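As structure tokens, the structure follows; a few thoughts come after it.
Protein chains: 2
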Amino acid sequence: MIFEIYRNRVNNNLNSLLTRQNALNESMRYSVLAGGKRFRPILTYTTASLFDVKLRQVDACAVAVELIHIYSLIHDDLPAMDDDDMRHNQPSSHKAFGEAQAILAGDGLQALAFEVLAGAKNIMPSIRIKLLNLLASSAFNMADGQSIDLSAVSNNVDVDFLNRLHLKKTGTLLGCAVKFGALLEPKVDNKDIDILSSFSEKIGLAYQIQDDVLDVLGSDESLGKRQNSDLKKGKPTYPSLIGIEESKKAYKGLYAEGIEELSGLSVNAAAMIDLTNKIMHRDN
Amino acid sequence: MIFEIYRNRVNNNLNSLLTRQNALNESMRYSVLAGGKRFRPILTYTTASLFDVKLRQVDACAVAVELIHIYSLIHDDLPAMDDDDMRHNQPSSHKAFGEAQAILAGDGLQALAFEVLAGAKNIMPSIRIKLLNLLASSAFNMADGQSIDLSAVSNNVDVDFLNRLHLKKTGTLLGCAVKFGALLEPKVDNKDIDILSSFSEKIGLAYQIQDDVLDVLGSDESLGKRQNSDLKKGKPTYPSLIGIEESKKAYKGLYAEGIEELSGLSVNAAAMIDLTNKIMHRDN
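Chains A and B supply the protein sequences, listed in that same order.
Letter by letter, the first sequence follows residues 95 to 378 of the working numbering.
Letter by letter, the second sequence follows residues 95 to 378 of the working numbering.
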């Protein structure tokens with residue numbers, strides 16, 4: 095299976111990256127190699143495949159976007175933030191290494207993401223700059239989204255607010271993962287980039303609503319973290335605002351809209367449609 | 095005074111950068127505009143002046159290196175880290191905004207540093223890539239140094255260990271600030287870069303030892319934070335290992351060695367010698 099090949103590829107690359115002899119390596123490695131669906135790297139490889147970009151040219155982007163994602167999980171799990179003590183069926187970073195090392199593991203992973211991408215010599219400098227710019231603005235928006243999320247607890251929020259929040263907190267980095275794959279091809283046209291941006295916003299929001307639904311319906315084991323953890327914290331979610339059934343309709347509708355948009359691309363989008371369908375039917 | 099011009103310039107640039115309408119802006123702005131000597135940006139402008147680089151070409155580097163420095167101070171001050179409640183004569187970020195927002199302010203500033211530098215269109219892409227690579231590896235080493243520092247409390251450490259620690263924790267980013275100024279000139283030769291690297295390692299170590307001495311001798315007010323804060327935490331420092339007088343000799347000797355090395359440069363280093371002398375005679 096092609097998505098399995100992508101997942102193995104990013105896992106191998108992450109594994110060989112984290113072998114430096116330094117104090118941070120152990121805690122970074124613990125979180126990076128804990129598992130995870132590698133959804134963002136798979137998105138990047140899949141988009142790149144639509145534009146015939148060679149796998150080895152995609153590697154740095156796939157690693158970088160996943161490192162940013164993992165750093166955000168480590169910091170989000172901290173007691174001062176979401177206070178989650180389990181992640182991917184193992185104690186979260188601060189439970190395993192203490193808060194200080196967890197903060198530094200996140201800090202180090204963010205820096206490492208930029209180091210990996212800036213050092214990707216097989217991507218020409220003018221393109222690398224675009225990718226770095228996108229990664230930086232996405233990482234910034236993600237932090238901003240998390241900051242909005244923190245202030246949202248127990249406030250009166252509506253679906254519009256949730257949409258804006260998810261767009262920043264989850265959508266930006268998913269959009270980055272998708273656009274990475276297209277920007278690697280110098281000849282990609284702006285219309286394709288626009289379509290992919292809009293596509294990634296739709297599936298980013300869908301993915302987050304689906305996460306919220308799974309958080310209510312799933313078991314601790316399949317989620318790898320405590321079930322219902324958002325609800326217990328009084329955080330507003332789609333299910334808490336409009337109920338489970340409407341939430342399911344909402345995310346399925348968004349995935350379908352995303353797939354529909356792909357038909358406007360100048361290239362064959364079958365691989366991305368296949369991936370979107372797989373994500374829509376995930377159970378964790 | 096030229097260094098005052100550089101300081102005002104980076105202050106103005108930082109001020110105009112932090113005007114976005116977003117939840118993180120207030121907490122980032124609070125720490126970024128709290129004051130501070132702007133030593134790193136001044137180093138960058140000064141090095142660049144040796145190689146006749148125009149000021150406006152230096153701006154992005156000066157801002158980026160300072161943003162990384164400020165993010166590291168916010169995270170270092172956190173209760174789980176050094177637990178300092180004052181910084182630049184005002185409550186530290188987590189005291190003013192809570193721990194969660196302080197963590198995110200640091201995270202956001204790190205991302206912003208890379209965004210500013212990646213987006214510096216007046217620096218050609220091949221050079222920007224080098225600068226981004228250096229910034230990323232320096233930010234990574236700094237986090238690694240802080241991680242080593244945390245594990246050092248109450249262990250038996252010697253001067254060699256402290257030197258290695260300071261080289262990572264303080265020296266790397268100071269070295270980045272210095273090398274930034276040279277890398278901006280495409281024709282700079284490797285010998286000059288090597289000399290500046292060695293120079294920045296010496297003054298980086300000197301600066302840290304001097305900080306430790308001032309931490310013992312200075313007043314709370316002039317330091318902008320609690321005096322003796324390292325000693326109270328049982329952290330190993332030069333003064334605690336070899337005493338105040340020997341520590342003074344050590345840092346003055348290192349500054350002098352640094353200045354001596356500058357004579358090997360292919361350009362006139364008077365401005366950098368002037369700056370180094372000013373730093374050596376600082377009292378906070």
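For every residue, glycine included, the Cβ atom is placed at its ideal position computed from N, Cα and C.
The structure presented is a predicted model; accordingly, all values stated were derived computationally and were not measured.
(message) Let me check understanding here. Comparing Cα to Cα, which of K148(A), Q195(A), G269(A) and L256(A) lies closest to S334(A)?
(response) L256(A)
(message) Does any residue of chain A have a CB that is nearer than 8 Å to the CB of N227(B)?
(response) yes
(message) Check whether chain B comes within 8 Å of Q302(A), counting only Cβ atoms and requiring the distance to be less than that.
(response) no
(message) Could you check whether the Cβ of Q151(A) sits closer than 8 Å to any Cβ belonging to chain B?
(response) no
(request) Would you kindly work out how many angstroms separate the C-alpha atoms of G239(A) and K262(A), rounded to a whole number? (result) 5 Å
(message) According to DSSP, Q184(A) sits in a beta bridge with which residue or residues?
(response) R181(A)
(request) Give me the Cβ distance between A276(B) and V210(B), rounded to the nearest whole Å; I'm assuming they're in contact under 8 Å. (result) So it is not a contact: roughly 19 Å between Cβ atoms.
(request) Could you list the residues in the segment 204-232 of chain B with a C-beta less than 7 Å from some C-beta on chain A, going in chain order? (result) Q204, A205, L206, F208, E209, A212, G213, P219, S220, R222, I223, L226, N227, A230 and S231
(message) Please list, in chain order, the chain A residues whose beta carbon lies closer than 7 Å to that of S241(B).
(response) A117, L118, Q195 and L198
(request) Output yes if chain A places a C-beta closer than 8 Å to the C-beta of M175(B); else output no. (result) yes
(request) Check S360(B) in the structure and name its three-state DSSP category. (result) coil
(request) Using the Cα positions of A174(B) and S186(A), report the straight-line distance between them to the nearest angstrom. (result) 16 Å
(message) For L206(B) and F208(A), which I take to be in contact (beta-carbon distance under 8 Å), what is that distance rounded to the nearest angstrom?
(response) So it is not a contact: roughly 12 Å between Cβ atoms.
(request) Could you tell me which chain A residues have their CB closer than 7 Å to the CB of A237(B), listed as they occur along the chain? (result) L118, L198, D201, G202 and A205
(message) Going by DSSP, what residue range makes up the alpha helix (DSSP H) through Q115(B)?
(response) Taken as a continuous stretch (DSSP letters only), Q115(B) belongs to no alpha helix (DSSP H), as it is neither H nor E.
(message) Which of the three DSSP states is assigned to A214(B) in this structure?
(response) coil
(request) Count the other C-beta atoms from every protein chain shown that fall within 10 angstroms of the C-beta of R376(A), then say buried if there are 16 or more, exposed otherwise. (result) exposed
(request) Specify whether the segment 348-362 of chain A and the segment 127-141 of chain A touch according to this definition: at least 3 beta carbon pairs, one from each stretch, less than 8 Å apart. (result) no
(message) By alpha-carbon positions, which one of A199(B), A212(B) and L299(B) ends up nearest to L112(B)?
(response) A199(B)
(request) Taking H182(B) as the query, report the chain A residues whose CB atoms sit under 9 Å from its CB, ordered along the chain. (result) Neighbours of H182(B) on chain A: none; closest Cβ ~21 Å, over 9 Å.
(request) Using a Cβ cut-off of 8 Å (strictly closer), state whether S245(B) contacts chain A. (result) yes
(message) Closer than 8 Å is the cut-off here; do at least three beta carbon pairs connect the segment 161-169 of chain A with the segment 216-223 of chain A?
(response) no
(message) I'd like to know whether the C-beta of L112(B) is nearer than 8 Å to at least one C-beta of chain A.
(response) no
(request) Measure how close the beta-carbons of A246(B) and L259(B) come, nearest whole angstrom, since I'm counting them as under 8 Å. (result) 7 Å
(message) Please list, in chain order, the chain A residues whose beta carbon lies closer than 7 Å to that of F293(B).
(response) Going along chain A, no residue has its Cβ under 7 Å from F293(B), so there is no contact; the nearest lies around 24 Å.
(request) Using the Cα positions of L118(A) and S110(A), report the straight-line distance between them to the nearest angstrom. (result) 15 Å
(request) Find the nearest neighbour of K372(B) within the set R114(B), R103(B), N116(B) and I136(B), judged by alpha-carbon distance. (result) I136(B)
(message) Which of the three DSSP states is assigned to K189(A) in this structure?
(response) helix
(message) Can you pull the chain A neighbours of L172(B), defined as C-beta to C-beta under 9 Å?
(response) A174, E193, A194 and I197
(request) Identify each residue in the segment 156-172 of chain B for which the Cβ-Cβ distance to at least one residue of chain A is less than 7 Å, and report them in chain order. (result) H169 and L172
(message) Using C-beta distances below 8 Å, list every residue in its chain close to L278(B), excluding the 5 sequence neighbours before and after it, in chain order.
(response) A142, F145, V147, Q151, V152, C155, I217, I221 and L225
(request) Report the neighbours of F97(A) on chain B: residues whose CB is nearer than 8 Å to its CB, in chain order. (result) Ordered by position in chain B, no residue passes the 8 Å Cβ test against F97(A), which lies about 29 Å from the chain.
(request) Return no unless some Cβ of chain A is closer than 8 Å to the Cβ of F234(B). (result) yes
(message) Please state the DSSP three-state secondary structure of M366(A).
(response) helix
(request) Kindly indicate which residue of S291(A), G312(A) and E351(A) has the alpha-carbon position closest to the one of L228(A). (result) S291(A)
(message) Check this for me: beta carbons of F191(B) and S121(B), under 8 Å apart or not?
(response) yes
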